[in-house]
Amino acid sequence: MDTSATQPSAAPGSQMVQQAIGKSPSELRFLHEGTELALAFLVTRAARHLDDVHRQFTDAAQQAATTLTRAVAGTTSINSLGVLQHSATQIDILAARRADAVNRLGEAITTYRQVTADKPTATPPPRATPAPSTAARRTRQ
Numbered sequence: 000m001d002t003s004a005t006q007p008s009a010a011p012g013s014q015m016v017q018q019a020i021g022k023s024p025s026e027l028r029f030l031h032e033g034t035e036l037a038l039a040f041l042v043t044r045a046a047r048h049l050d051d052v053h054r055q056f057t058d059a060a061q062q063a064a065t066t067l068t069r070a071v072a073g074t075t076s077i078n079s080l081g082v083l084q085h086s087a088t089q090i091d092i093l094a095a096r097r098a099d100a101v102n103r104l105g106e107a108i109t110t111y112r113q114v115t116a117d118k119p120t121a122t123p124p125p126r127a128t129p130a131p132s133t134a135a136r137r138t139r140q
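In this text, residue positions in the sequence shown follow numbering that gives the first Met the number 0: the first is 0, and each later residue adds one.
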């Protein structure tokens, strides 16, 4: 059974940026100067924050799943106060933080796209103008 389609991204913040902007967060810092660079930095920081909170959420959920699996198998003692009393609260808090991080990254991406709309994403290198050929110079004279 292929579970790759059901597995969530390990880096949803980076994935959001890639889908919305077409660049990875680490690439954004090389594309702009000034205000646009500051916004690119905010987008990158928001993406990394979401990735970090998502990792914490995933770790807590996996730990709770492991605890439940052991409890069902009878290989661990069950706390009489509740198997998930502590971890459920932690998971709820992390889920709320993750949802907030998704919203903040979405706002940062929207602002970035508004400010950088219709602007080149990188400062193009100066074009070298070819020197006129000797034959072209003779025909002008």
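Note that CB positions come from ideal geometry on N, CA and C, so glycine has one too.
| query | result |
| --- | --- |
| Contact the segment 55-65 vs the segment 81-91: 3+ CB pairs below 8 Å | yes |
| Enclosing alpha helix (DSSP H) for L67 [first to last residue] | G33 to A72 |
| Range of the contiguous alpha helix (DSSP H) that encloses D91 | Q84 to T115 |
| Alpha helix (DSSP H) segment containing L27, residue limits | P24 to L27 |
| Validate contact between the segment 93-104 and the segment 21-39 using beta carbons, cut 8 Å, 3 pairs | no |
| Cβ pair count under 8 Å reaching 3, the segment 35-42 against the segment 102-115 | yes |
| G12 in three-state terms, based on DSSP | helix |
| Assumed close pair L104, L49 - CB separation to whole angstroms, cut-off 8 Å | 5 Å |
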